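Chains as they are written, first to last, in the working numbering: chain A, 154 to 745; chain B, 768 to 942. A virtual CB, placed ideally from N, CA and C, is assigned to each residue, including glycine. From a predicted model like this one, the values you see are computed outputs, not experimental measurements. One structure is given here, and the rest of the page talks about it.
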């Protein structure tokens with residue numbers, strides 16, 4: 154009988170939820186009682202809403218336990234691992250029976266995320282055991298020419314997963330066509346979109362998939378050096394990448410005459426980002442690698458012709474690279490059998506916001522938004538009403554309820570005014586103020602603007618000022634029209650994608666939620682009860698029992714009152730955080 | 768644009784006499800002659816001191832071919848670089864989209880009130896620096912804050928303040 158294996162999920166989300174403590178607890182128990190089972194680590198399986206996760210694999214199969222704290226961990230070891238009695242109520246995923254959460258995985262097709270949660274990302278052997286590096290070995294063994302590799306990628310229909318959506322194979326073809334002794338292959342791991350963590354999970358969970366994709370890309374275009382530009386806010390990803398790169402070197406996947414291919418030499422280095430969203434734009438990214446301010450430059454010339462250090466370069470996103478080795482080893486058909494006519498394959502989405510099942514899902518292009526949000530995502534938290542879903546981060550837009558049956562592919566999403574983007578999907582409900590959302594995104598893009606283009610630099614600032622005024626009750630007639638005019642000017646006069654897309658959140662929220670803007674401006678009211686300056690928290694005298702819970706909870710001590718006597722909120726001190734409102738068990742606090 | 772102007776106010780001038788510049792010589796030697804090394808150099812300096820002292824810039828200008836103006840141009844462009852000393856515990860409150868939608872503003876306001884600092888400020892006892900960051904990538908646990916290497920999720924205004932108070936108590940016990 155093979156040894157039972159206990160695997161703890163240790164991606165950043167898991168660790169933030171307490172998985173390290175769970176791992177240490179299990180390890181301590183194992184050592185103290187000299188228990189006979191294998192303890193291992195893995196990373197994110199995408200089921201973030203149930204972290205920490207612990208998987209137990211025994212002779213019957215696999216069962217993944219969710220919401221595991223230190224106490225539950227002990228129970229699981231004692232009852233399941235030793236006692237051979239699984240605790241079905243704690244299980245969230247298994248093939249052996251249906252769980253309430255099984256629906257989360259229905260319809261998911263894991264290509265980019267194929268190994269995440271199934272392997273120890275610091276162990277190259279586990280990657281190879283699941284088919285890793287077989288694509289590279291196949292290219293070497295069958296002497297597949299670079300042009301054939303490029304054709305396979307073109308045929309697969311793979312489009313840039315970072316948001317640009319440009320056909321990857323075509324990009325590689327342009328880079329290959331440039332003649333130069335020095336060529337660069339670059340991985341854009343800057344993932345700056347707030348609310349997006351697909352790339353982080355991939356880098357933490359399956360770094361070799363990204364590396365193998367880069368090596369194949371380097372072979373296809375004729376690159377001599379590789380760079381992974383990874384944001385510094387992902388220290389675990391950087392650590393795992395470094396380990397993986399060293400391992401790849403050891404096994405001859407990097408270095409000279411890789412896998413026996415004469416003259417194919419490649420080394421990959423990591424360059425850490427320094428906290429600039431604009432460096433996700435390819436020309437700014439390359440400037441940053443060169444040690445300069447991350448300011449975009451004009452194209453043409455495109456990177457394929459003149460990129461890093463003025464040499465031909467090809468930049469692809471993390472998720473794009475993760476798909477490459479799968480496509481090469483399984484054939485173009487394995488990818489293009491999924492998806493719609495112009496959007497082939499699968500896409501990873503980060504489901505966040507007011508959704509019950511927040512996490513990472515990988516679905517075929519062409520699934521409906523409704524299915525993703527309500528079926529896989531489980532619908533809205535606290536059974537509130539769905540209002541909009543924000544797609545594409547600060548470059549994207551908000552899609553309202555009446556459009557929720559659109560199929561997720563590049564064309565249908567673009568038609569709504571939003572963009573597919575890198576895959577961040579932030580779900581909003583009736584308590585989200587859409588004017589505030591627009592203000593939030595403008596605040597972000599305005600800070601992150603590099604300052605080069607007048608309209609981006611000043612236009613976003615003016616738009617932000619107008620939006621801020623509106624959210625504090627100082628909106629004026631004509632503000633909406635001014636916003637629309639500025640938005641179009643900023644979009645049309647900016648050099649790079651940041652400025653060109655910064656107005657999208659404003660334009661889509663005005664298009665679909667104009668009535669909210671009008672309520673703020675004309676009635677000085679926030680229909681979602683969100684904008685603080687337009688809100689007042691008050692205690693209803695005849696409901697208040699004087700239990701003092703709210704006064705204790707208040708972080709700024711704004712509530713006075715003696716025990717069993719009606720309490721009172723001091724409006725001058727109140728910071729409108731809402732803690733009292735959410736704590737009161739007697740519905741004695743109103744928000745208006 | 769994110770601009771941090773070098774302040775000439777007495778209370779924000781760092782005490783350069785205390786900075787041991789020999790600590791960064793190995794770093795400078797490691798990158799000597801390598802192109803494109805300005806950002807890793809600045810990152811390395813910040814790892815050593817927690818920020819980039821003025822004297823460090825001057826040493827870099829002396830030891831490498833980089834000019835002060837280029838270095839300041841880069842250091843003030845990227846959000847990661849700090850030009851003022853920081854507190855012992857850096858409190859990063861995430862203001863990414865998911866956290867914002869789940870109430871990150873309230874968390875920041877509560878902490879600002881509790882610590883008596885503005886965004887980017889350090890408490891007079893040098894224990895805490897408060898920063899707003901764009902996204903920590905733990906969106907399913909929103910709202911989130913990170914103190915040092917530890918991440919705290921599913922926060923409320925009061926739970927965030929409680930965590931800070933607990934750290935303060937721990938620090939005073941360690942003294």
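query = Using the C-alpha atoms, what's the distance from residue 603/A back to residue 839/B?
reply = Computed Cα separation, rounded: 15 Å.
key: Nonlocal neighbours in the same chain, by C-beta distance under 7 Å from residue 472/A, ignoring five residues either side   = Within the same chain, residue 472/A has close Cβ partners 265, 314, 351, 352, 355 and 501.
task = With DSSP collapsed to three states, give me the class of residue 902/B.
result = In the structure shown, residue 902/B adopts coil according to DSSP, grouped into three states.
inquiry  = For residue 545/A and residue 498/A, which I take to be in contact (beta-carbon distance under 8 Å), what is that distance rounded to the nearest angstrom?
reply    = Between residue 545/A and residue 498/A the beta-carbon gap is near 18 Å, outside 8 Å, which marks them as no contact.
inquiry  = I'd like to know if residue 769/B contacts chain A, where contact means its C-beta is closer than 8 Å to some C-beta of that chain.
reply    = Confidence at residue 769/B is low in this model, with a pLDDT of 45, below 50, so the placement of that residue should be treated as unreliable; the coordinate-derived value is given next. Taking Cβ atoms only, chain A reaches closer than 8 Å to residue 769/B, which makes this a yes.
query = Among the residues of its own chain, which have a CB less than 7 Å from the CB of residue 535/A, if the five just before and after it don't count?
reply = Excluding residues up to 5 positions away in sequence, nothing lies with its Cβ nearer than 7 Å to the Cβ of residue 535/A in the same chain.
inquiry  = With a threshold of 8 Å, are at least 3 pairs of Cβ atoms found where one atom belongs to the region 365–376 of chain A and the other to the region 914–927 of chain B?
reply    = With the cut-off at 8 Å, the region 365–376 of chain A and the region 914–927 of chain B do not touch.
query = Can you name, in chain order, every residue of its own chain whose Cβ lies under 8 Å from the Cβ of residue 299/A, other than the five neighbours on each side?
reply = The answer, listed in chain order, is 329, 372, 373, 374 and 375.
query = Near residue 729/A, what residues of its chain come up, given a Cβ to Cβ distance below 7 Å and the 5 sequence neighbours on each side ignored?
reply = Closer than 7 Å at Cβ, skipping near neighbours: 685, 688 and 690.
query = For residue 694/A, does the count of other Cβ atoms within 10 angstroms reach 16, so buried, or fall short, so exposed?
reply = Looking at its Cβ environment, which holds fewer than 16 other Cβ atoms inside 10 Å, residue 694/A is exposed.
ask   = Using a C-beta cutoff of 8 Å, does residue 787/B count as contacting chain A?
value = By this cut-off, residue 787/B is not an interface position.
ask   = Do you know whose CA, among 437/A, 232/A and 163/A, lies nearest residue 648/A's CA?
value = Nearest to residue 648/A by C-alpha distance, out of 437/A, 232/A and 163/A, is 437/A.
inquiry  = Tell me which residue opens and which closes the alpha helix (DSSP H) that residue 839/B is part of.
reply    = For residue 839/B, the enclosing alpha helix (DSSP H) has its first and last residue at 835–844.
task = Label residue 745/A either buried or exposed according to how many other C-beta atoms from any shown protein chain fall within 10 Å of its C-beta, with 16 as the threshold for buried.
result = By the neighbour-count rule (16 or more Cβ atoms within 10 Å), residue 745/A is not buried but exposed.
inquiry  = Against residue 918/B, what residues of chain A qualify as contacts under a CB-to-CB distance less than 8 Å, listed in chain order?
reply    = Neighbourhood of residue 918/B in chain A, by CB distance below 8 Å: 165, 168 and 169, in chain order.
ask   = Between the C-alpha atoms of residue 468/A and residue 339/A, what's the straight-line distance to the nearest angstrom?
value = Cα to Cα, residue 468/A sits roughly 5 Å from residue 339/A.
request  = For the region 412–429 of chain A and the region 845–860 of chain B, state whether three or more C-beta atom pairs, one from each stretch, are separated by less than 8 Å.
outcome  = The answer is yes - the region 845–860 of chain B touches the region 412–429 of chain A, with three or more Cβ pairs under 8 Å.
request  = Would you please state the rounded distance, in angstroms, between the beta carbons of residue 662/A and residue 551/A? I believe it to be under 8 Å.
outcome  = Indeed, because the Cβ distance is near 6 Å, the residues count as touching under 8 Å.
Min CB distance residue 387/A to chain B below 8 Å = Yes, its Cβ sits closer than 8 Å to a Cβ of chain B.
task = Alpha carbon to alpha carbon, how far is residue 823/B from residue 781/B? Give it in angstroms, no decimals.
result = In this predicted model, residue 781/B has a pLDDT of only 47, less than 50, meaning its place in the structure is not dependable enough to derive any value.
message = By the three-class DSSP mapping on this structure, what secondary structure does residue 625/A have?
response = Here residue 625/A sits in coil by DSSP.
ask   = Is the region 193–208 of chain A in contact with the region 163–176 of chain A, if contact means three or more CB pairs nearer than 8 Å?
value = Yes: at least three Cβ pairs fall under 8 Å.
task = Have a look at 185/A, 212/A, 219/A and 211/A and flag the residue whose alpha-carbon is nearest the alpha-carbon of residue 171/A.
result = Here the closest residue by C-alpha is 219/A.
request  = In the DSSP assignment, find the unbroken alpha helix (DSSP H) run with residue 856/B in it and report its ends.
outcome  = Counting along the chain, residue 856/B sits inside no alpha helix (DSSP H); it lies in the beta strand (DSSP E) bounded by residues 856–861.
query = Roughly how many angstroms lie between the CA atoms of residue 787/B and residue 817/B, to the nearest whole one?
reply = Cα atoms of residue 787/B and residue 817/B: separation of roughly 13 Å, rounded to the nearest angstrom.
query = Would residue 907/B count as contacting chain A if we go by Cβ distances under 8 Å?
reply = Chain A, which has a Cβ nearer than 8 Å to the Cβ of residue 907/B, makes this yes.
request  = Assess, as a yes-or-no matter, whether the region 259–273 of chain A is touched by the region 192–199 of chain A under the definition of 3 or more beta carbon pairs within less than 8 Å.
outcome  = By the Cβ criterion, the region 192–199 of chain A is in contact with the region 259–273 of chain A, since at least three pairs of Cβ atoms, one from each stretch, lie closer than 8 Å.
request  = Kindly list, in the order they appear in chain B, the residues whose Cβ is closer than 9 Å to that of residue 442/A.
outcome  = In chain order: 803 and 806.
ask   = Apart from the five residues on each side of it in sequence, which residues of its chain come closer than 8 Å, Cβ to Cβ, to residue 334/A?
value = Same-chain partners within the cutoff: 377.
key: Backbone secondary structure at residue 197/A - three-state DSSP   = Coil, per DSSP.
key: Straight-line gap, residue 827/B to residue 815/B (C-alpha atoms, nearest Å)   = Residue 827/B and residue 815/B have their C-alpha atoms roughly 14 Å apart.
message = Check whether chain A comes within 8 Å of residue 835/B, counting only Cβ atoms and requiring the distance to be less than that.
response = False, the Cβ-Cβ gap to chain A never drops below 8 Å.
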